[in-house]
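Asks:
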Amino acid sequence: MTVISQVILKADDELRYPSSGELKNIKDFLQTGAQRMRIVTTLAENEKKIVQEATKQLWQKRPDFIAPGGNAFGERQRALCVRDYGWYLRLITYGVLAGDKEPIEKIGLIGVREMYNSLGVPVPGMVEAIACLKKASLDLLNAEDAAEASPYFDYVIQSMS
């Protein structure tokens, strides 16, 4: 849900007009629209490059993941890791686009720790993976856009930690 939807629903639930503070939040949201679109476009258009770089970074940091007995050993397991990278990147773009972390929480983080634990995937390894995804993504953005996008990656990392 966007800031606009949230303000409207809250005001309607309380049978009132949006407050001046709520209207300011909408104004701020609309003023950052071009930046959010630029970030999302860059990340979406470079998904393959970002995922490849993040994967390379992770395997260099944690070669034990792809060694025999590691959670990403073998082509099938590696393919699943790469798939998850793309999924998390897309999830983060949803948050950036909405200007809110709520879509990240609702769509992708509820139950994620339990899921990875049940699959035998080490959650600390996923945290490292998202940190690599963050670095590979932010390296493609200018400083201002990277500063705007960074908290969405941090939110995923903190939620998994």
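Taking the numbering used here as reference, the numbering of the sequence shown is continuous, increasing by one, and the terminal residue is 198. Heads up, the beta-carbon is just placed ideally off N, CA and C, and yes, glycines get one too. As the structure is a prediction and not an experimental result, all values here were calculated from the model.
Considering Cα atoms alone, identify which of Ala-186, Gly-162 and Leu-175 is closest to Trp-96.
Replies: Ranking the options by Cα distance to Trp-96, first place goes to Gly-162.
Asks: Which term fits Met-197, buried or exposed, when burial requires 16 or more other beta carbons within 10 angstroms of its beta carbon?
Replies: Buried, since its Cβ has 16 or more Cβ neighbours within 10 Å.
Asks: List the endpoints of the continuous alpha helix (DSSP H) containing Pro-161.
Replies: Unbroken alpha helix (DSSP H) run through Pro-161: 160-175.
Asks: By how many angstroms is the C-alpha of Ile-194 removed from the C-alpha of Asn-108?
Replies: Approximately 19 Å, taken between the alpha carbons.
Asks: In the DSSP assignment, the alpha helix (DSSP H) including Asp-65 goes from what residue to what residue?
Replies: Note, Asp-65: alpha helix (DSSP H), 57-68.
Asks: Between Tyr-192 and Tyr-54, what straight-line distance do the alpha-carbon atoms span, to the nearest angstrom?
Replies: When rounded, the distance between both Cα atoms is 32 Å.
Asks: Taking contact to mean at least 3 C-beta pairs separated by less than 8 Å, is the region 77-91 in contact with the region 138-151?
Replies: Output reads no: the region 138-151 does not touch the region 77-91.
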